[in-house]
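Peer 1:
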Amino acid sequence: MHRSAFPSLALVDRRRPAYLAAMLHDSVHVPKPSLTEVLFAWFLRLVAVSCFWFALNYWAMLIGFSHGGAGRFDLLSPQWRAAATTLAVVYPVAAIGLWLLVSWGPVVWVVAAAAEIAMDKFYPGLFGHRPLLIVLHASVAITFILFRAALLYQRMRQARKVRVDSP
Numbered sequence: 070m071h072r073s074a075f076p077s078l079a080l081v082d083r084r085r086p087a088y089l090a091a092m093l094h095d096s097v098h099v100p101k102p103s104l105t106e107v108l109f110a111w112f113l114r115l116v117a118v119s120c121f122w123f124a125l126n127y128w129a130m131l132i133g134f135s136h137g138g139a140g141r142f143d144l145l146s147p148q149w150r151a152a153a154t155t156l157a158v159v160y161p162v163a164a165i166g167l168w169l170l171v172s173w174g175p176v177v178w179v180v181a182a183a184a185e186i187a188m189d190k191f192y193p194g195l196f197g198h199r200p201l202l203i204v205l206h207a208s209v210a211i212t213f214i215l216f217r218a219a220l221l222y223q224r225m226r227q228a229r230k231v232r233v234d235s236p
């Protein structure tokens, strides 16, 4: 087939078709992430690492690697079986979602944190009392909300600057 049959595919510099060369100029102006966005991404990845650590702890308990083998799945009470198995599955999913910075990552983390808070507050006789874990989850949630509020404020300021009818 002759090249003149498709003029839009004519080669500009023998490496790229003409339509790609035109698109390259448009793609040069990628907005740079703000400091708040970069810090928020680092925060989410730090939470992802801690979720992965929690997942490893639950898996170590379930397979008998920690607690001297006393936390093995077949030796646990039915309540601990349900809770530990659920958290051993949910925490790695939350870690992946948080590390990839996708919207469902924090949602899955909230599910895992809510489960652990419910275990601590509603069933302390079954699961024990871990106040440090509650403080950790609360501080992560508050920090997340503060970051989201800062990002919302930043986007509102940018939107106000970019309006067409601005004087």
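Okay, so the sequence shown: first residue is 70 according to our numbering, each after it adds one.
No residue lacks a Cβ here, since even glycine has one placed at the ideal position from N, Cα and C.
(1) Under a three-way DSSP split, which group does residue 206 fall into?
(2) Taking the C-alpha atoms as reference points, what is the distance between residue 116 and residue 124?
(3) Where does residue 100 land, buried or exposed, given buried means 16+ other C-beta within 10 angstroms?
(4) I'd like the span of the alpha helix (DSSP H) that includes residue 199, first residue to last.
(5) In the DSSP assignment, find the alpha helix (DSSP H) that holds residue 191 and state where it starts and stops.
(6) Please tell me whether residue 181 and residue 156 are closer than 8 Å, where the distance is taken between their beta carbons.
(7) Quick check on DSSP: helix, strand or coil for residue 214?
(8) Alpha carbon to alpha carbon, how far is residue 216 from residue 109?
Peer 2: So, from the data block:
(1) Here residue 206 sits in helix by DSSP.
(2) Spanning the two alpha carbons is a distance of roughly 12 Å.
(3) Burial state of residue 100 is exposed, judged by a 10 Å Cβ sphere holding fewer than 16 other Cβ atoms.
(4) Per DSSP, residue 199 is not a residue of any alpha helix (DSSP H), being assigned neither H nor E.
(5) In the DSSP assignment, residue 191 falls within the unbroken alpha helix (DSSP H) covering 173 to 191.
(6) Cβ distance < 8 Å, so residue 181 and residue 156 count as in contact.
(7) In this structure, residue 214 counts as helix in the three-state DSSP scheme.
(8) Looking at the two C-alpha atoms, the distance is approximately 6 Å.
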